[in-house]
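Read the structure below first, then the notes.
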Amino acid sequence: MAITLAFIFTGGAALAAKPEPAGTFNAWSVWTYKDGGKKNCYIYSAATTKSPARLNHGDVSFFVRTVNSSQAKTEANFTVGYDFAPGSTVRAEIGSATFDMMVQGDNAWLMEAEKEKDLLAAMRGGDEMSIHARS
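Numbering (the numbering used here) for the sequence shown: 11 to 145.
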């Protein structure tokens with residue numbers, strides 16, 4: 011079954027320590043935490059709309075965290091309240107930009123780590139992200 015979810019932007023999880031709130035920007039919240047003595051941050055949003063409405067989507071969220079040990083420097087993650095269809099992909103759309111994501115269980119990540127920078131640029135420049143997935 012196809013599922014569409016939306017997240018709203020304004021200009022701009024697996025954690026090692028207790029996160030501290032750093033701000034809220036419309037549907038997005040910003041958090042900081044320390045990992046290995048280094049300060050990190052992440053942005054988080056729950057879905058603002060879910061369709062089809064008749065389905066129980068469970069908790070649906072999207073976050074992007076900093077990753078000090080990765081060449082990409084960030085990691086985007088999409089989480090839902092059900093397991094994705096085996097072998098399926100998830101597609102995030104921001105304006106005309108599209109980003110394909112691989113799935114495992116109830117999580118999805120960008121297929122290509124080098125696209126993390128492009129995703130962040132699209133998020134900064136866009137005002138809405140739609141995500142299409144299959145259960």
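Think of the CB as a built atom: it goes at the ideal place given N, C-alpha and C, for glycine as much as any other residue.
Q) With 16 other CB atoms within 10 Å as the buried threshold, where does Pro-29 fall? A) Result: buried.
Q.
Check for me: the beta strand (DSSP E) holding Asp-45 runs from which residue to which?
A. 38-45
Q: For the beta strand (DSSP E) holding Glu-85, just list the boundary residues, first then last.
A: Where Glu-85 is concerned, the enclosing beta strand (DSSP E) stretches over 84-89.
Q | Candidates Gln-81, Glu-122 and Gly-91, of which the one nearest Arg-101 by Cα | A | For Arg-101, the nearest C-alpha among the options comes from Glu-122.
Q.
Helix, strand or coil, according to DSSP, for Asp-137 in the structure here?
A. Note: Asp-137 maps to coil in three-state DSSP.
Q. Straight-line CA distance for Gln-81 to Ser-71?
A. 24 Å
**Q.** Pairwise C-alpha distance: Ile-53 and Ser-39
**A.** 6 Å
Q) To the nearest angstrom, how far is it from the Cα of Glu-124 to the Cα of His-67? A) 29 Å
Q. What number of angstroms, rounded off, separates the C-alpha of Met-111 from the C-alpha of Phe-88?
A. 9 Å
Q) Can Glu-30 be considered in contact with the ligand SAM, in the sense that its beta carbon sits closer than 8 Å to one or more heavy atoms? A) For the ligand SAM, the structure offers nothing, since it holds no ligand at all.
Q | Option nearest Lys-48 by Cα separation, candidates Thr-76, Gly-135, Asp-128 and Thr-58 | A | In terms of CA proximity to Lys-48, Thr-76 leads the group Thr-76, Gly-135, Asp-128 and Thr-58.
Q: Please report the residue range of the beta strand (DSSP E) in which Asp-50 lies.
A: It should be pointed out that residue 50 corresponds to Asn in this sequence rather than to Asp. Bounds of the beta strand (DSSP E) holding Asn-50 are 48-56.
Q: May I have the straight-line CA-CA distance separating Trp-41 from Pro-62, to the nearest angstrom?
A: 30 Å
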